[in-house]
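The next block holds one structure in the form of structure tokens; read it before the comments.
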Amino acid sequence: MAGMVAAAAPPASLCRPIAVPRAPMRRRRLTPRVKTTPSLRCEDSPKIALLQVQAMRSSEESSSDEDDEILSELKEKWDAIENKSSVLFYGGGAIIAVWLSSIVVKAVDSVPVLPNILELVGLGYSGWFVYRYLLFKENREELANGFDALKKRITGNEE
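Numbering-wise (the numbering used here), the sequence shown opens with residue 76 and increments by one.
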């Protein structure tokens, strides 16, 4: 009987544990879930369902009053402007100027040493500004008066 068991057993070289390569793990993508409800279908293409999404505010009443007030003020100011085309022209020019300045800043930022030098210049100017205008009370008053004069020049209010 012992001979039969020995003969039936596989050789020792086959009994070693074999390392089986692991299957690569799939990464799960996290996608945002939006709860939607299908609504009416289009008459032209019945296969496509329209989705209805509703956004809600935390406080409907106070926000809508503020929104209406802000919109009415903006409408009054827009109606008070006589030359609307020049406002649109200057607004478009300002948008183009911001776009062009961002291109210039990106070009300057690509030069290797120049951004570090400009940071030092900015730090030096900030230090000078603090010393000149913010450190002493008389200078702070001078700065505030300068801002008030600039606001009056821009708005045209001579109070």
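Each residue gets a CB set at the ideal place from its N, CA and C atoms; glycine is no exception. Here the structure is a predicted model, which means the values were calculated and not measured.
Query                                                                        : Result
Reduced DSSP category for R116 - H, G, I as helix; E, B as strand; rest coil : At R116 the pLDDT is 49, less than 50, meaning the model places this residue with poor confidence and gives no usable figure here.
8 Å Cβ cutoff met for Y208 and L198                                          : no
Distance, V196 Cα to E216 Cα                                                 : 26 Å
Range covered by the alpha helix (DSSP H) that runs through V196             : 189–204
Check whether I171 and V162 have beta carbons under 8 Å apart                : no
Span of the alpha helix (DSSP H) around Y165                                 : 159–184
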